[in-house]
Structure formats: structure tokens, C-alpha cells
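Working notes for the structure below.
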Amino acid sequence: MKNFSNLTLSAKAVVIFKNILKDKCISSFLKLIECDGTNENEFISLYSDFVSALYEKSDDLCEYINLLLQNDENIYVKESAKGIASPFMQNAVENELDLFQKLSQLSCDDVKAICNTNIYLPQWKNGNLSIKDEYIKKISSIKTTGYGIYATHHMFLYKDEKIIPVKFPDPQRLSQMSGYELERQKVIDNTMALIQGKPCNNVLLYGDAGSGKSSTIKAIVNEYWQQGLRLIEIKKNQLYSLPDVIEQLADNPLKFIIFIDDLSFSTNDNDFGALKAILEGGVSGKTENIAIYATSNRRNLVKENFNDRNGDDIHLQDTIQEVMSLSARFGLKVTFSKPNKDLYLSIVENLSIQYNISMDKNELDLAAEAFAIRNGGRSPRTAKQFIEYLASKSE
């Protein structure tokens, strides 16, 4: 009978990767190898619990342990991202990685030797990864790969006061977009400044509905997330939580776009003041890894009526300036206007190539114009809807 008491004792001394010990699969594995094998029923039960938990994720123990280590959000990875991990912490990490390497190489035969049984027991693989080398490589590229949930996802929502991953993000790519190249390039250039750690601006994309404002932001993140860019979408009614979100992200080595879609306010809106305070002075030194990107159909972001202009406020001009000041706090404002006929048809024709629509150009243009008239006018969104309609008919 084999005894793994040294390994299980060492596991109890783990400090840096303590969260991994709470993983269902790993905790089951440690219980299994701690078993003395004298009780066959207990051993078989523990064995099946472990393999069942492993099979839910992988059939390779080494690969699974390596993935857990790569994505673990711990004090060492946070300190390393800031360049201040102590030598004591470094030594602890190296010893714990050695332990997990040994655990990852325990084979089915090794574990079955704990107990003599004739019952069939399912098997698993042991890959030959060097867990320590893989982790060192991870730490060296942490500014682009990130850690925790930010290592495995690139788009997020703020929900129930938590940042949660978007499992199925919009797949829009820059290569799929046509028209508005000059407008889009301004946003790309600003984003590249953010990624490279250079001074950048908060961005307001405003203009007609369906002109590709939101798609531009999502496509940029899809294009550059491997360079360390992430997006977190916050709803207008969550703006009061912006300071908390920014505080959570301030020390993260990645770069973040906080995305606010379809933004507008009434003049007495409490959220107006919350966003205005955050935007004061643009992207500050404390939050140099964060920029706010918002889209709106209104350049000044505020819904006004004639009463706002002719009301009984003694300092009327000051009130108007207060209303107008919010959009001025976005250092970069990019206009996405409704396309003219030529631009609209150019977008239609480019999309028809992407969707493999075979149709005479004149016939395509006439049908696209008719579709736009029936569906609220020309826009990139209308062009895409038209092409998708043709594609559905051809299937």
C-alpha cells in the first residue's frame, strides 16, 4: 500500500494557492490520497468522487491543475503585477508549485496502490507540463493575460454589485465593418494609447441610432483584448457604483474600457452629477488603466425642453452651462452621422460580399433603398438587417 502523507501534509501548509485547495476536484483528490486504504468501500467512494469531479472539467490531471494555477487570483499575482512581490512570497510560490507538480503526476496506478481492490476504477491522464515553467511564463506576461476572471474572459457586465463575465460576447470584428473609417480610427488611436500606457481620453460616440457606435467599441475590444484590453459595461442606473468599480480595477495590470451605452439624462437626474464627478479632469493618474467610453444619440447627453431654457432660475445661463458641461468632459467626441445614399449602398455592397450574396449590383441597390424606406431610413444597422434578410431567403 502506498502512503502519500508527506504530500497531504504539505498541502495543508499551502498559503499562496490556498483557494485551489477548495476546488471540488482538488479537495476530493486530497481526501482520496489521504485515505489509508483499509476500508475498501470508503476508498472506492472517494476515488469515484474525485474522478467524477475531474471528468467534469478534463481527463488530464496535470492540465487541470495547471489551468487552476494559471487563473488563480491570489496575493502573489497581485503583488507581482505591481512589481513588489517579496522574496519570502517568491520562495513560498516556488515550493507550492513543486507540490502541485508532484500532485499532478500521481497516476491512476499510484493511487490504486493505496488499496487492494478488484473493482474496476476509471482512469485519467497525467500530462508532462512543467507547471512551474508555465506559471513563470504567465507572470511574465501578466500585463496582457491578466489573472482571475480577467484571464479567461474579455467582456464583462456589472450586475448585483459584482463584475461578472459575459460568456457569449458580441463577436463583431473591425474587419466586418465598413464605412466611418475616419471616425473609427479616432477611437482606435485613443484605445491604443490606453493599451500602451500613454495619456488618453474618455470618449463620447454620439450620432444617429444604428450608425455603429456600440459595435465600434465592442469590435475594438475583440480586436485588441490579447494586448491586455478588457471591457466592463455599466448601465446608466448603475453610475453611482462607478467609484467602487474604478477602485476594484485601479491596481489591475490590464487596461479597461468602462462602457456606458445609450447615455442620456434629464436635467434633474441624480446620475448626471455622479458621472460628471467621475469625468472631472479626464483619466487621472490613479486610474491610468481605465477610460470611459459612452455612446449617445445626443451630443450634450441631456434631454432639454423649452422650460429648461425659459424657467425661473435666477442664474439661467449658469444652469444651461451646467447642463452642457457633461459632454465637454469627454476629451474625445466622435460623431457618427446618418449615412448618405452612397455610403449606405457601399456598406450594403461590402456586407453582401461577407455574406456571399450573389446579386446584380443595380438590383441590390434598389432593393436596399426600398428596405431602408420601409425600415426607418438608411443606417449601417439597416444595411446589416437587409443583408441578413437576403441571406435568410437564400438558405
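Each step along the sequence shown adds one to the number in our numbering, with nothing skipped, and position 276 is 278. Cβ coordinates follow ideal geometry from the N, Cα and C atoms, glycine included.
Own chain residues within Cβ distance below 7 Å of residue i, not counting five before or after
| i | result |
| --- | --- |
| I166 | F158, L159 |
| S394 | none |
| Q411 | Since the displayed the chain opens at 3 and closes at 397, residue 411 lies outside it and no answer follows. |
| K164 | none |
| E75 | Y149, G150 |
| N352 | S180 |
| A418 | What is shown of the chain runs 3 to 397, which leaves residue 418 out entirely. |
Short Cβ contact (9 Å threshold) for residue i with residue j
| i | j | result |
| --- | --- | --- |
| F102 | I35 | no |
| L414 | I144 | Coverage of the chain is limited to positions 3 through 397, which leaves residue 414 absent and any answer about it impossible. |
| Q178 | A115 | no |
| N224 | P171 | yes |
| L56 | W126 | yes |
| K343 | L206 | no |
| L63 | L11 | no |
| S213 | K386 | no |
| T193 | A279 | no |
| S30 | F52 | yes |
| K215 | T297 | yes |
| Y49 | K59 | no |
Nearest-angstrom beta carbon gap, residue j and residue i [assumed within contact, 8 Å]
| i | j | result |
| --- | --- | --- |
| A153 | N73 | 5 Å |
| Y346 | A369 | Y346 to A369, Cβ: 13 Å. No contact. |
| T337 | G209 | 5 Å |
| N128 | F332 | Rounded, the Cβ-Cβ distance is 54 Å, inconsistent with contact. |
| E235 | D263 | 7 Å |
| I389 | S354 | 6 Å |
| S396 | A211 | Not a contact, Cβ separation roughly 28 Å. |
| A94 | V17 | 6 Å |
Secondary structure of residue i, DSSP reduced to three states
| i | result |
| --- | --- |
| V232 | Position check: residue 232 holds Arg in this sequence, whereas Val was assumed. Strand at R232. |
| V205 | strand |
| M157 | strand |
| T337 | strand |
| T384 | helix |
| D344 | helix |
| Y122 | coil |
| I219 | helix |
| F6 | coil |
| I151 | helix |
| F170 | coil |
| D38 | coil |
Cβ shell of residue i (< 6 Å), same chain only, five flanking positions each side left out
| i | result |
| --- | --- |
| F308 | For F308, the predicted structure reports a pLDDT of 43, less than 50, and the residue's modelled location is therefore unreliable. A value from the coordinates is still provided. Same-chain partners within the cutoff: there are none. |
| G39 | M3, F45, I116, C117 |
| H155 | P167 |
| Q174 | S217, K220, A221 |
| L233 | M157, V223, I259, F261 |
8 Å CB neighbourhood of residue i in its chain, flanking five on each side removed
| i | result |
| --- | --- |
| S88 | E81 |
| G284 | Residue placement at G284 is poorly supported in this model, since its pLDDT is 43, which falls under 50; the coordinates still yield a value, given next. These residues qualify, in order along the chain: N203, N204, R331, G333. |
| E282 | R331 |
is_contact[residue i, chain D] using C-beta, thresh 9 Å
| i | result |
| --- | --- |
| I77 | Reference to chain D is not applicable here, since this structure consists of a single protein chain. |
Is the number of C-beta pairs between the region 357-372 and the region 326-341 that are closer than 8 Å three or more?
no
Counting Cβ pairs, one atom from each stretch, are 3 or more of them under 8 Å apart for the region 68-83 and the region 246-263?
yes
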